[in-house]
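Just so you know, the protein sequences line up as chains A and B, in that order.
The opening position of the first sequence corresponds to residue 1 in the numbering used here, with each subsequent residue numbered one higher.
The opening position of the second sequence corresponds to residue 1 in the numbering used here, with each subsequent residue numbered one higher.
Presented below is the structure to which this report refers.
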Amino acid sequence: MLVARYEKPVYNAALRMLHDREDARDVAQTVFLKVYEHLAEYDPSHKFYSWIYRIALNESINSLHRRRPRAALDPEMADGEPGPDDTVRNLQLSDGMTAAIMSLRDEYRAVIVLRHFLGCSYDDMATILEVPEKTVKSRLFSARQLLKTAMESKGWAPG
Amino acid sequence: MNDRAIELINAEIDGALSRPARSELNRLLLADPAIRSLRDELRRTCQALDSVEPAEIPADLHEAIMSGLPATPIQCEERVASGRYGKPVLRYAAAFAGGLLVSALAFHFAGSGPAGLDPQDLAGTLVPARGAVVQIDLPVVKGQVVVAGTRAGPVVTSRLAATSPVTVIASTEGHEVRLDGFVAPQDAPIELSAGLGKSGTAQPIVVISVVEAATGAVLQTASVRADVPD
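Pasting the structure below:
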């Protein structure tokens, strides 16, 4: 039941962190194995999803570090299969945004993933990242501005 | 750029703007076109972020994850509350039996055996002399489940009140009992007792799961060891 409930957000978090489906798949498998192995270490004073998302982010970052020498971003890669209603612009926007996200440093990308793809609150993010809420906000605000700048530098103006 | 303005703009985007902060932001927006421009750009950037569709998970991901998990239960780690009615221990046993998968857990494992809560103190219950007590304190379901080892197999006794339908599942290797979709008022909790059947091990692990009946969402799970008395 746990896998059914969390496989999608865990996979999506890993995919947004890694921009590689195979690596995201590997991370998702590792995350659930770690949950299984370390369940006794789970501190129930925290929300369970905070714990599993923390594992997902840490595993994603570990995966990034392992592959860092070949981490060149492929701007052509789309993250998902386009649906019938996708417009060309939306695909370009999605690709542009994906590329912009991947241009961020890990700690900035993590807050973007947590906030915008997993819907975490400031408090959740502070728990997951084990940093003060003030730091979360600072990183998130900086990350958004960096994203805006990255998108502008690629000639994409939101609007 | 004014740091305060940046903070307020982001708080607005995140829906975390208080009424006084809203007024403050409005004043800043009126006073400075650069702040208005930044706000518009950041809002559009975040809208673009939020419009990125979640990726479909690979069709075989679920199978791949499941196949990567060990098939045999792992031994639980237990801690026992120091006091007779001490604060619930914040570490939980972990075990998965009979293919039941890992689940979110937040039960309060109050103790096991002589060092923990004495099951005989549970007024009105029919609990055996020894047992692991799982305290449940969720918004929709409260009470406790006692798992006691007997020579005939683990016996599970629940005394629960639930404000919306929940299903309680107790399982061990090859055996499972379910209390499906039950509701009971807070002032009249329902008490039920069931045997899980004899297990092949002297210390079977019993997994207790509380599931929201309407959605199937796992609310909490705990794993306890049912010691068979000497």
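Ideal placement from N, C-alpha and C gives every residue a C-beta, glycine not left out.
Simplified DSSP assignment, three categories, for residue i
i              : result
residue 220(B) : strand
residue 57(B)  : coil
residue 165(A) : With chain A covering 1 to 159 only, the question about residue 165(A) has no answer from this structure.
residue 209(B) : strand
residue 273(B) : Since the first residue shown for chain B is 1 and the last is 230, residue 273(B) is missing from the structure and cannot be characterised.
residue 41(B)  : helix
residue 125(B) : With a pLDDT of only 30 at residue 125(B), under 50, the local geometry of the prediction cannot be trusted, and no value is derived from it.
residue 118(A) : coil
residue 93(B)  : With a pLDDT of only 30 at residue 93(B), under 50, the local geometry of the prediction cannot be trusted, and the value read off the model is given with reservation. Of the three classes helix, strand and coil, the one that applies to residue 93(B) here is coil, per DSSP.
residue 62(B)  : helix
residue 27(A)  : helix
residue 130(A) : coil
residue 88(B)  : Reliability of the predicted coordinates at residue 88(B) is poor, the pLDDT of 29 falling under 50, and no value is obtained from them.
residue 124(A) : helix
residue 86(A)  : Because residue 86(A) carries a pLDDT of 43, less than 50, the predicted location of this residue cannot be relied on, and the following value inherits that uncertainty. Coil, per DSSP.
residue 65(A)  : helix
residue 44(A)  : coil
residue 58(A)  : helix
residue 7(B)   : helix
residue 18(B)  : coil
residue 80(A)  : With a pLDDT of 41 at residue 80(A), under the threshold of 50, the modelled position of that residue is not reliable, and the figure given next carries that caveat. Note: residue 80(A) maps to coil in three-state DSSP.
residue 154(A) : coil
residue 118(B) : Summary for residue 118(B): the model assigns pLDDT 29, below 50, so the residue's position carries little reliability; its value from the coordinates is reported in the next sentence. In the structure shown, residue 118(B) sits in coil (DSSP, three-state: anything other than H, G, I, E or B).
residue 70(B)  : coil
residue 102(B) : Confidence at residue 102(B) is low in this model, with a pLDDT of 32, below 50, so its placement is unreliable and the value that follows should be read with caution. Coil, per DSSP.
residue 52(B)  : coil
residue 95(A)  : helix
residue 243(A) : This structure cannot speak to residue 243(A), because chain A is shown only from 1 to 159.
residue 2(B)   : coil
residue 10(A)  : helix
Sub-8 Å separation of residue i and residue j beta-carbons
i              : j              : result
residue 14(A)  : residue 24(A)  : yes
residue 140(B) : residue 170(B) : no
residue 57(A)  : residue 110(A) : yes
residue 177(B) : residue 152(B) : no
residue 40(A)  : residue 65(B)  : no
residue 211(B) : residue 167(B) : yes
residue 150(A) : residue 121(A) : no
residue 196(B) : residue 156(B) : yes
residue 28(B)  : residue 8(B)   : yes
residue 154(B) : residue 189(B) : no
residue 133(A) : residue 143(A) : no
residue 208(B) : residue 134(B) : yes
residue 52(B)  : residue 17(A)  : no
residue 128(A) : residue 45(A)  : no
residue 191(B) : residue 164(B) : no
residue 61(A)  : residue 106(A) : yes
residue 35(B)  : residue 10(B)  : no
residue 99(A)  : residue 154(A) : yes
residue 108(A) : residue 139(A) : yes
Residue(s) in a DSSP beta bridge with residue i
i              : result
residue 197(B) : Looking at the DSSP assignment, residue 197(B) forms no beta bridge with any residue, so it has no partner.
residue 5(A)   : Partner(s): none; residue 5(A) has no beta bridge.
residue 225(B) : 205(B)
Residue i: CB within 7 Å of a non-hydrogen atom of the ligand FMN
i              : result
residue 189(B) : The model depicted lacks the ligand FMN and carries no ligand whatsoever.
Chain A contacts from the stretch 4-23 of chain B (Cβ-Cβ distance under 9 Å) | 6, 7, 9, 10, 11, 13, 14, 16
Identify every run of the beta strand (DSSP E) within the stretch 134-196 of chain B, keeping only runs that are complete inside it and at least 3 residues long; order them along the chain.
-> 141-148, 155-172, 175-184, 190-195
Members of the stretch 31-54 of chain B that neighbour chain A once the beta carbon cut-off is set at 9 Å | 38, 40, 41, 42, 43, 44, 45, 46, 47, 48, 49, 50, 51, 52, 53, 54
Contact list for the stretch 190-222 of chain B against chain A, Cβ threshold 8 Å = 209, 211, 216, 217, 218
Determine which residues of the stretch 129-146 of chain B have a Cβ less than 7 Å from any Cβ of chain A, and write them out in chain order.
-> none
Residues of the stretch 126-151 of chain A with Cβ closer than 8 Å to any Cβ of chain B, in chain order | 137, 140, 141, 144, 145, 147, 148, 151
Identify each residue in the stretch 22-55 of chain A for which the Cβ-Cβ distance to at least one residue of chain B is less than 7 Å, and report them in chain order.
-> 25, 28, 29, 32, 33, 35, 36, 39, 40, 42, 43, 44, 45, 48
Near-chain B residues of the stretch 102-126 of chain A - C-beta to any C-beta below 8 Å | 112, 115, 116, 117, 122
Which residues, taken in chain order from the stretch 151-162 of chain B, show a beta carbon closer than 8 Å to some beta carbon of chain A?
-> none
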